[in-house]
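Peer 1: In the working numbering, the protein residues as written are 2 to 244. Ideal Cβ positions, reconstructed from N, Cα and C, are used throughout, including at glycine. Before we start, here is the structure in question, set down as structure tokens.
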Amino acid sequence: MDKVNILGVKVDTATIDEAVSTILGFLDEDKFHSVFTPNSEIIMAAYKDPEFCGLLNRASLLTADGIGVVYASKILKKPITERAAGYDIACKLIEKINNTEHKLFLFGGKPGVAEEAETNLLKKYPYLNIVGTRNGYFKPEDEADIVAEINASGADLLFVCLGAPKQEQWIDRHKDELNVRAAMGIGGSLDIFAERTERAPEFFCKTGLEWFYRLCKEPWRAGRMMELPKFAATVIAKGRKYQ
Ligand code: UDP
């Protein structure tokens with residue numbers, strides 16, 4: 002898969018469909034793969050923190066979540082053709098593994114969210130093999146039990162929804178103990194499956210204005226969003242050094 006180096010983070014140029022078929026391929030391999038979906042905020046965090054940058058680059062697949070990353074790839078003349086957000090990849094993967102032997106574990110969100118996500122997903126995909134759920138609030142000393150629970154479930158696909166960078170760090174920390182074939186960090190996706198939060202309407206997602214929709218709905222994110230112009234300025238000023 003082709004990659005574009007954005008401020009040190011080697012993002013795959015995969016579309017949603019390419020990401021889905023790559024992950025389905027991972028499920029057939031006898032080894033562990035991690036999948037992260039960095040947005041501009043995560044890439045800025047990695048730019049400032051070489052350790053986190055290394056952690057991201059250890060992933061088997063890094064897709065571009067967010068229009069900022071897509072624009073950055075265009076500035077760097079290695080254009081990513083579409084935004085491949087974790088939620089969109091997860092939706093298509095679920096469609097593909099429905100009615101197959103693949104086993105899915107949902108980890109993350111407030112207590113009850115993963116179970117509500119399971120109920121809603123099963124309404125839509127009655128033959129989806131969800132083999133376990135676990136909320137995302139725990140103490141460091143609970144982590145070994147969580148890994149054991151995931152392994153005991155026999156899951157081969159794991160959704161980890163703890164928000165960034167917690168989910169990426171959690172997956173990387175446990176990559177040698179987890180028996181799943183693919184672990185994906187997909188942020189607030191379980192909240193959407195559980196219908197606790199709404200995805201931006203398609204118009205906003207397709208036109209690259211999801212950030213604007215979220216800003217209107219969740220104005221407290223404004224601080225975090227100020228990273229976006231800083232990201233664009235840094236890519237323009239420093240991006241070529243990484244090519
Ligand atoms: N979360 C969690 N454990 C934590 C912190 C957060 O399970 O210790 C969950 C939180 O309930 C929410 C998700 O992680 O479901 C983060 O969602 P958000 O949309 O903030 O993440 P993003 O995709 O923006 O990184």
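Can you grab the Cα-Cα spacing for the pair Glu-116 / Thr-134, in whole Å?
Peer 2: The sequence position of residue 116 within the sequence shown is 115, counting from 1. The sequence position of residue 134 within the sequence shown is 133, counting from 1. Distance between the alpha carbons of Glu-116 and Thr-134 is about 6 Å.
Peer 1: Between Gly-240 and Ile-7, which are expected to be in contact by the criterion C-beta below 8 Å, what is the C-beta distance as a whole number of angstroms?
Peer 2: Counting from 1 along the sequence shown, the entry for residue 240 is found at position 239. Counting from 1 along the sequence shown, the entry for residue 7 is found at position 6. Rounded, the Cβ-Cβ distance is 7 Å, consistent with contact.
Peer 1: Does Thr-101 come out as helix, strand or coil in the three-state DSSP assignment?
Peer 2: Counting from 1 along the sequence shown, the entry for residue 101 is found at position 100. DSSP places Thr-101 in coil when its eight states are reduced to three.
Peer 1: Excluding the 5 residues preceding and the 5 following Glu-42 in the sequence, name in chain order all residues of the same chain whose CB lies nearer than 7 Å to its CB.
Peer 2: On the sequence shown, residue 42 is found 41 positions in, with the first residue counted as 1. The answer, listed in chain order, is Arg-225, Glu-228.
Peer 1: Leu-28: which of Ile-98, Gly-186, Leu-210, Met-2 sits nearest, CA to CA?
Peer 2: To locate residue 28, count along the sequence shown from 1; it is residue 27. Considering only alpha carbons, the answer is Ile-98.
Peer 1: From Lys-78 to Thr-64, what does the alpha carbon distance come to, in whole angstroms?
Peer 2: Mapped onto the sequence shown, residue 78 falls at position 77. Mapped onto the sequence shown, residue 64 falls at position 63. Answer to the nearest angstrom: the Cα atoms are 17 Å apart.
Peer 1: Is DSSP giving Phe-106 helix, strand or coil here?
Peer 2: The residue you call residue 106 lines up with position 105 of the sequence shown. Three-state result, Phe-106: strand.
Peer 1: The alpha helix (DSSP H) that contains Val-71, what's its start and end?
Peer 2: Within the sequence shown, residue 71 is the residue found at index 70, counting from 1. That run of the alpha helix (DSSP H) goes 68-76.
Peer 1: Inspect the beta-carbon positions of Leu-62 and Ala-20 and report whether they are closer than 8 Å.
Peer 2: Taking the first residue of the sequence shown as position 1, residue 62 is located at position 61. Taking the first residue of the sequence shown as position 1, residue 20 is located at position 19. A contact, by the Cβ cut-off of 8 Å.
Peer 1: Let's test the definition: count the other Cβ atoms within 10 Å of the Cβ of Ala-234 and tell me whether it reaches 16, buried, or not, exposed.
Peer 2: In the sequence shown, counting from the first residue as 1, residue 234 sits at position 233. Exposed: under 16 other Cβ atoms inside 10 Å.
Peer 1: Should Asp-1 go down as buried or exposed, given a rule of 16 or more other Cβ atoms within 10 Å for buried?
Peer 2: In the structure displayed, the chain extends from 2 to 244; residue 1 sits before or after that span and is not available.
Peer 1: The ligand UDP and Cys-162: does any heavy atom of the ligand fall closer than 7 Å to the residue's C-beta?
Peer 2: Numbered from 1 along the sequence shown, position 161 holds the residue referred to as residue 162. Checking the Cβ of Cys-162 against the ligand UDP gives yes.
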